[in-house]
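Chemist: If you're matching them up, the sequences are chains A and B in order. Numbering-wise (the numbering used here), the first sequence opens with residue 2 and increments by one. Numbering-wise (the numbering used here), the second sequence opens with residue 58 and increments by one. Backbone N, C-alpha and C define an ideal beta-carbon position, used for all residues, glycine too.
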Amino acid sequence: MSDLRIAHKPALAGVKAGKFGIIGPKGPAVRMKAMPEHWLLHVLGAAGATDTERQLATLDIGAVRFAGPGQWLVVNDTAQPEEALARLQAALGNSAAFSDQTHGRVRIALEGPRAADVLSKGSAIDLDLGVFAVGRSGMTLMGHISVNLARTGPEAFELIVLRGFAESLWNDLIHMSLEYGLECIAAPETAAI
Amino acid sequence: MTSHRLTRGGRIDREKPISFEFDGQRLSGYSGDTLASALLANGRQLMGRSFKYHRPRGVLTAGSSEPNALMTIGSGGRTEANTRATMVELSEGLIARSQNRWPSLDFDIGALNSLLSPFLGAGFYYKTFMWPAAFWERVYEPIIRKAAGLGRASYEADPDYREKRWAHCDLLVIGAGPAGLAAALTAGRAGARVILLDEGFELGGSLLVETTPLSAASVEEITRRTLDELSALPNVRLLPRTTAFGWYDDNVFGAVERVQSHTPQPDPNRPIERLWRIAARETILATGAEERPLVFGGNDIPGVMMAGAMRSYLNRQAVAPGQRTVIFTTNASGYRTAADLEAAGLEVAAIVDPRSESHDQWTGKARVIRQGVVRDAHGGKRLKSVTVETQGRLEEIAADALGMSGGWNPIIHLACHRGAKPVWSDERSAFLAPEFSSGLTLAGSARALDSLEACLGDGAERALQALSRIGITNATASFAAAADGAPRAFSFWRADNNKTKAFVDYQNDVHTKDLGLAVQEGYGHVELAKRYTTNGMATDQGKLSNVNAIGILAQLRGVSPAEVQSTTFRPFYSPVSFGALTGLAKGKDFQPVRKSPLHDWAKKNGAVFVETGLWYRSAWFPRTGEAGWRQSVDREVLNTRKNAGICDVSTLGKIEIFGNDAAVFLNRVYCNAFLKLAVGRARYGVMLREDGMVYDDGTTSRLAEDHYFMTTTTALAAGVMTHLEFCAQTIWPELDVRLASSTDQWAQMAIAGPKSRTILQRIVDEDLSDEAFPFMAARPVSLFGGRIKGRLFRISFSGELAYELAVPSGFGESVADAVMKIGEPHGLSPYGSEALGVLRIEKGHVTHAEINGTVTPDDLGLGKMVSSAKPDFIGKAMLNREGLKSPDRIRLVGVKPLDPAKSFRTGSHILANGAAATLENDQGYVTSSAFSPHAGHTIGLALVKNGPERIGEKVIVRNDLFGEITEAILCQPVFVDPENRKLHV
Chain A
2 MSDLRIAHKP ALAGVKAGKF GIIGPKGPAV RMKAMPEHWL LHVLGAAGAT
52 DTERQLATLD IGAVRFAGPG QWLVVNDTAQ PEEALARLQA ALGNSAAFSD
102 QTHGRVRIAL EGPRAADVLS KGSAIDLDLG VFAVGRSGMT LMGHISVNLA
152 RTGPEAFELI VLRGFAESLW NDLIHMSLEY GLECIAAPET AAI
Chain B
58 MTSHRLTRGG RIDREKPISF EFDGQRLSGY SGDTLASALL ANGRQLMGRS
108 FKYHRPRGVL TAGSSEPNAL MTIGSGGRTE ANTRATMVEL SEGLIARSQN
158 RWPSLDFDIG ALNSLLSPFL GAGFYYKTFM WPAAFWERVY EPIIRKAAGL
208 GRASYEADPD YREKRWAHCD LLVIGAGPAG LAAALTAGRA GARVILLDEG
258 FELGGSLLVE TTPLSAASVE EITRRTLDEL SALPNVRLLP RTTAFGWYDD
308 NVFGAVERVQ SHTPQPDPNR PIERLWRIAA RETILATGAE ERPLVFGGND
358 IPGVMMAGAM RSYLNRQAVA PGQRTVIFTT NASGYRTAAD LEAAGLEVAA
408 IVDPRSESHD QWTGKARVIR QGVVRDAHGG KRLKSVTVET QGRLEEIAAD
458 ALGMSGGWNP IIHLACHRGA KPVWSDERSA FLAPEFSSGL TLAGSARALD
508 SLEACLGDGA ERALQALSRI GITNATASFA AAADGAPRAF SFWRADNNKT
558 KAFVDYQNDV HTKDLGLAVQ EGYGHVELAK RYTTNGMATD QGKLSNVNAI
608 GILAQLRGVS PAEVQSTTFR PFYSPVSFGA LTGLAKGKDF QPVRKSPLHD
658 WAKKNGAVFV ETGLWYRSAW FPRTGEAGWR QSVDREVLNT RKNAGICDVS
708 TLGKIEIFGN DAAVFLNRVY CNAFLKLAVG RARYGVMLRE DGMVYDDGTT
758 SRLAEDHYFM TTTTALAAGV MTHLEFCAQT IWPELDVRLA SSTDQWAQMA
808 IAGPKSRTIL QRIVDEDLSD EAFPFMAARP VSLFGGRIKG RLFRISFSGE
858 LAYELAVPSG FGESVADAVM KIGEPHGLSP YGSEALGVLR IEKGHVTHAE
908 INGTVTPDDL GLGKMVSSAK PDFIGKAMLN REGLKSPDRI RLVGVKPLDP
958 AKSFRTGSHI LANGAAATLE NDQGYVTSSA FSPHAGHTIG LALVKNGPER
1008 IGEKVIVRND LFGEITEAIL CQPVFVDPEN RKLHV
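(1) What residues from the stretch 6-28 of chain A come within 7 Å of chain B, judged by C-beta to C-beta, listed N to C?
(2) Which residues bound the beta strand (DSSP E) around B/ASN909?
(3) Cβ of B/ALA423 within 8 Å of Cβ of B/ALA395?
(4) Taking the CB atoms as reference points, tell me whether B/THR768 and B/GLY685 lie closer together than 8 Å.
(5) List the residues of chain B whose Cβ lies closer than 7 Å to the Cβ of A/LYS122, in chain order.
(6) With 8 Å as the limit, tell me which residues of the stretch 94-113 of chain A have their beta carbon closer than that to any beta carbon of chain B; keep them in chain order.
(7) Shortest alpha-carbon distance to B/ALA532 belongs to which of B/ALA540, B/GLY542, B/GLU518 and B/ALA539?
(8) Going by beta-carbon coordinates alone, are B/HIS111 and B/ALA168 separated by less than 8 Å?
(9) How far does the alpha helix (DSSP H) with A/CYS185 in it extend, from its first residue to its last?
(10) Can you list, in chain order, the residues of its chain with a C-beta nearer than 8 Å to that of B/THR771? Leave out the 5 residues immediately preceding and following it.
(11) Helix or strand or just coil, what does DSSP make of B/HIS1041?
(12) With 16 as the cutoff for other CB atoms within 10 Å, does B/ALA210 come out buried or exposed?
(13) Once the 5 residues before and after B/SER85 are set aside, which same chain residues still bring their CB inside 6 Å of it?
(14) Go to A/ILE175, then tell me how far its alpha helix (DSSP H) extends in each direction, as first and last residue.
(15) Measure from the C-beta of A/GLU168 to each C-beta in chain B and report whether the shortest distance is under 8 Å.
(16) Within 10 Å of its beta-carbon, does B/ILE1008 have 16 or more other beta-carbons around it, so buried, or fewer, so exposed?
(17) With 8 Å set as the bound, which would you pick, yes or no: does the beta-carbon of A/ASP52 sit closer than that to a beta-carbon of chain B?
(18) Using 8 Å as the threshold, is the C-beta distance between A/THR191 and A/ALA50 below it?
(19) Which ranges would you report for the beta strand (DSSP E) in the stretch 394-445 of chain B if only whole runs of at least 3 residues count?
(20) Is there contact here, the stretch 343-358 of chain B with the stretch 463-477 of chain B, by at least three beta-carbon pairs under 8 Å?
(21) Give me whichever residues DSSP pairs with B/HIS966 in a beta bridge.
(22) Exposed or buried, what is B/TYR87 when buried is set at 16 or more other beta-carbons lying within 10 Å of its beta-carbon?
(23) Taking 8 Å as the threshold (C-beta atoms), are A/ALA68 and B/ASP793 in contact?
(24) My guess is that B/GLY599 and B/ALA546 are in contact by the Cβ rule of under 8 Å, so how many angstroms apart are they, rounded?
(25) Quick check: the Cα distance between B/ALA859 and B/CYS704, rounded to an integer number of angstroms?
(26) Could you please give the first and the last residue of the uninterrupted beta strand (DSSP E) stretch that includes B/THR382?
(27) With which residues is B/PHE666 paired in a DSSP beta bridge?
(28) According to DSSP, is B/VAL361 part of a helix, a strand, or is it coil?
(29) List the endpoints of the continuous alpha helix (DSSP H) containing B/GLY997.
(30) By Cβ distance below 7 Å, which residues in the same chain neighbour B/MET58 in space, the five residues on each side in sequence not counted?
(31) Report all residues from its chain with a CB closer than 8 Å to the CB of B/PHE731; omit the five preceding and five following residues, and keep chain order.
(32) Of the residues B/ASP215, B/GLU198, B/THR91 and B/LEU177, which one's Cα is nearest the Cα of B/GLY133?
(33) Per the DSSP calculation, B/PRO291 is bridged to which residue(s)?
(34) Looking only at its own chain, which residues have a Cβ that is under 8 Å from the Cβ of B/HIS764, when we skip the five neighbours before and after it?
(35) Where does A/ASP78 fall in DSSP's three states?
Next up, the structure:
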C-alpha cells in the first residue's frame, strides 16, 4: 500500500500559461496566477447570528470573504492544521457550520492596471475603487460562470470558482485580457503526499 | 465622372489618401471620409436600389438614419450586409458592393417593378396572392423575398470576435454634440464619473458641421478646447464610434462600440465590436435632432439630399453636392446650407421656402422663392431639374442637387424604450420626449433647441440638475445659458399635385398614395397604417419617415398629429449585429466546460466523453480491436458483473446539510421517512414536487447527528439545491438548516462488482467486512494508512456488491490510479456512463428517463416508500388527487422482445397485441432500453397502462419514426438478481 503514490493535483496544473495578447512597453497590464489550494472553508451562519463575520475575522484563520447572506468563504495560502477546524467550531458553537471546500473551490489572482477592465467584461459589479473597496467581496457571474470576486488591492482581485469550472474560467480570462497583454502562471504540477 | 471634391477645406487629411473599391471599381478618398462622402467626392451619386421598386437611390443623410445607401462591406467571413455607407469610416482596401440589383447598379432588371407599380401598392400581396393558399409558402413568398431585398449574409465563419462588458458611471452622456460636450464637461470638472459616447468616429456632433460663429470663440476652437479638457480628465471615459441602442430597467443602457470594424487589418487580440452595458445613475440624452425630409414628387432621385447632410459633406469632407443646387426648406437649416454653399463658391439656383415670411435673414446671392413649393423633381439616376409651384405658377429650375429641410425631429427614441410615449408639440412642430423625474434628462436639440449656444448652455444646465439629483452639488456650468432664437416651427407635410411618386419611407418604398390607401381602407390608425404600408418597418425603423407619415395621416384624417400619436419605440435604435449580442459565447466557447476531478484519469484511460449539461462525462473506454461503442460497453458491463469496475460518479450533485433541524427538514423534503436514519447509514430518498410528481431521487447519508450528505442526480444538482434553499428560507424559516454544495469538493468513484470489497480493503484502513460495513453503511474513512481521509458509501446502482468512494478532489486522480493498480490483478476495469446506464436498466433502477415530471412514486413502483405516518411532506396533499390514484395510470414495467434477436428503441410506443396503431390505443412507451449482455437481448423499462398487472402479456412495441414493429413481452422491471442477494454479500 505504501508503494502507491498519492498526490495532490491542483485544478489549474497544466493549463495554458505564459504571455498572451498585446504586450505593451510597460509589460503585460494584467497578471494572472493560480493560487495555492491549501485552505478554503465555507462558513454557514445560523439564522439570527449577527456576529459571525466579526468573530471569524478575530480568529486569524485566513481572509474572510462575504459569499451571500450568512455565508462566508475563509481562505488561506497555507494549509491549516487539522485541529484548526475543531478550534473554530468550538469558538463559534452552533452559530456557524463549516464545510471544507479546500478542494471544491479554486482561487485565481488577477492583478495589474487593467485587471478591473478584464473583470468588467464578465461581471456587473461596479469595480470602482471607491465603490468596491479593498477587502470587499461578493458573488457574481463572470460571463456564464458563478464566482466569488474579492478586491485584494487597488489593482488586485481574487476570484473563487467551483473547481470543475476553473479551467474554463481561466481560458475565458485569458481571452478577455488579450487586448491589454497578459502573463499567467498556472498551478504547480502534482505534489506527492 | 467628375470629382466633387473641393480643392480646400473640410476636416479630411489630404496627406492620407485611401484607396477603396466599390462594385469592383478602384476609387480613392482621404482619411476623414466616410464611404458615402468618398463616393460622393468621386461623383458617384447612385449608391443603391430601393427595396420594392428598385428605384435608383443616392445618399440622403450623413448619419445613422440613412435609408438608401445600404451596402455590403468586406468579403469572406467578414462580409457585412446592409451597412449604411454614411456610418462606414473609409479604410485602406475597403471593399463595398451595392445591393438589391441585378446585373448591376446602373442597369437593374428589377427596376421593371416600377412599371408594375400601379399594381404594387400597399397590401398588394395580401390581396393578390390569396389563391391558391398552398402557393403562398411555396411560390409567392420565395419570389417576393427574392425580388424585394437587402444584402446577403455570408456562410463563412467570422474570423473576428466580439465581446461584452459592463460599465458604471454617475452620468452617462449620449451624444457628443454641443449639449453633450457641455454636459460631460460640467460633470467631469465636478469629479463625477462620466461616460460620453457618440456614434460618430469624431466627437463633436453638429459642432463639426456648423460654421455659425459663437460669441466666445470659433466653433472649432470651442470644440477643440472642450475635447482636450475632457480627454485629460481621468474620471471621464470618451467612447467615439459607440451607438447607444437601448434603455433598460435600472437605468442600464446598451451600446455597441465599433472597436476595429473601421480598421483594414483587425488585430486578432482585440474585439471587432464591443457591447457595453452601462449602468448609469443619471443620463443626459443629447442625441440631437434628425432633419425631416420633405415629401414631393421624385424626392428620391439621386442628388436630392437633406440640407444638413449637404452641409456636413461640404464642411467636413469638402464635397460639393453638385454644380447647381436648389434648396427647399421650411426653416433656417436650408438658409445655412445655402450660405455655406455660396461661401464655398458653389451656385445656389434658388431657395424655395413655403412660408410667407420668416425670421431667416438672407443676404446671399441666391433668389428666395417665398410661398414656393417644389412639386416635382425630375431626372433618372441623377437630378436634372425641379418644378417649383408658387401660388399656382409653375417654374422649372435646372439643378443637379437639391437640399431639403422640413424641420427637425428631436431624437428621443431611447427615452421611449421603457413605455413612455412621445408628446406632440404644436409650438415646436415635433414630437418631444416626456419629462422624467430621475434617471434620464434630455438636453439640447433633443429638446428641440436650435442654436449652438443654446444647446451648449442647456447641456451644462441639465447636467447640473442631473448631478444635484445624485448628491453632486459642487458643479458649475461649463457654458453659460443662452436664449434660443428658434421661431415657431412650421409644419409642411407634403407637396400636392405631384406628378411622380412622393416618398415618405425611402427604405420601404412607401409613398403618399400608400398612406392614402391605408386611410381609405380603414387602416388609418397609426399602428395599423404602419403595418399595412410597412412605413417605418425597415431597418432604419422610420427615423426619417415616421413623423412625416404621422403628419400625412393627420392631414388625411383631418386631425392634429397629437391625436394620431406615434408608434411604439423599442430597442434597438439602430441595427446591432448578432455577433455583438453573442459576445464570446460562440463555437467552443458557447458554454463553459465543467470537468470532473477524474477527467484526466478518464482521459488517460482512453475515455470517450459525452457532454452532459456542462459536464464532460466519460461515456465508455474503448480498447484496441473493439469494433464499436457497443462492444466496449458490453465488455465493461460483463466485467463489472464478473470482476469489478470503476466509474466516475463525481458529477452527481452533492449537498452538505447542517443544522439541529436537518432531520426534520429532510423528513419534509423527501416523501419517505428520514427522521430515524442512524448516523453512519445511507438511505435512498424520493423527493416530490408540490403537485405530487417525483422531482428527483438519490441517497442521503447521516454523517453526524446534525450533518447529512445528500446526493442528487447530475441533471438536477443545481435545481435540487435551489429547491432546498427555497424550502429552508421561505417555507420553513423556523428550522435550523444550512446548505452547502460540495459537488466539486469530492472526487467520487463507484467501485462495483463481486471483487470490489477485496480491492477497496487494500486502501481503506477500516474493516470492510459485511458485518463491519454492511449494505447502506456510510462513513468517513481513513485511506492509505491515514494519508488522506475520504467518505465511503456502500450503495449500489448496478445491483452488484458496490461502494462509492469520495476523496477530496485534488487527490481524485491519484486515488483512482491506485484503485486501478490494486484492482488490475482482480480484473478491475473502468466503465463509463453508457455501461452505468446498462447496469442500472438491468437492475431496474430509474433515472430521469423515467422521472419525467409526469410520474408519481406509485407509477415507478415506489408507492410503498411513501410514508403514511408523516404528518406532512412536500407533495403529500396533491398526491391524493383522484387522477394520481387512478388504477389505469401508466406505470413502470419491464419489456423484452419476444424474439431475442429483435430489438426496439427508447421512445417506442406500446400497443396491445393486435390493436390498431391509433392514438386511442396507445398504452404507454419505452422509457429506457439497452442491449443487456447479461440477458443476451434487448431489455427495456416502460411506462405502460396497468403495466405491473400485465406481466407476461404479449404486446407490440411500435416506432413509426423508424418504421419498426417489435413483438414483445411485458415483464418484471428487474433483469438481474431480483432477490437483491448480491447487495448483501
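Modeler: With the given structure in hand:
(1) ARG6, ILE7, ALA8, HIS9, LYS10, PRO11, GLY22 and ILE23
(2) Unbroken run through B/ASN909: none, as it is neither H nor E.
(3) Remark: C-beta atoms of B/ALA423 and B/ALA395 approach each other more closely than 8 Å.
(4) no
(5) GLU220, LYS221 and ARG222
(6) ASN95, ALA98, SER100, ASP101, GLN102, THR103, HIS104, GLY105 and ARG106
(7) Selected option, being the one with the closest Cα: B/GLU518.
(8) yes
(9) In the DSSP annotation of this structure, A/CYS185 is not part of any alpha helix (DSSP H); the continuous beta strand (DSSP E) holding it starts and ends at 183-186.
(10) THR669, GLY670, TRP672, ARG674, THR708, LEU709 and GLY710
(11) helix
(12) Label assigned to B/ALA210: exposed.
(13) PRO74 and SER76
(14) 167-178
(15) yes
(16) exposed
(17) By this cut-off, A/ASP52 is not an interface position.
(18) no
(19) Taking only runs of at least 3 residues, the beta strand (DSSP E) segments lying wholly in the stretch 394-445 of chain B are 404-410, 424-427 and 429-436.
(20) yes
(21) B/TYR982 and B/ARG1015
(22) buried
(23) Result no, Cβ atoms of B/ASP793 and A/ALA68 do not sit closer than 8 Å.
(24) Contact flag wrong, Cβ pair sits at about 20 Å.
(25) 11 Å
(26) Its beta strand (DSSP E) spans residues 381-386.
(27) B/SER675
(28) In the structure shown, B/VAL361 sits in a strand (DSSP, three-state: E or B).
(29) Per DSSP, B/GLY997 belongs to no alpha helix (DSSP H); it is in the beta strand (DSSP E), 994-1002.
(30) With a pLDDT of only 48 at B/MET58, under the threshold of 50, the placement of this residue in the model should not be trusted; the figure read from the coordinates follows. Counting only residues of its own chain and dropping the five nearest sequence neighbours on each side, B/MET58 has a CB closer than 7 Å to the CB of ASN99, GLY100 and ARG101.
(31) ALA720, LEU723, ASN724, ARG740, GLY742 and THR757
(32) B/ASP215
(33) None; B/PRO291 has no bridge partner.
(34) GLU713, ILE714, PHE715 and ALA719
(35) coil
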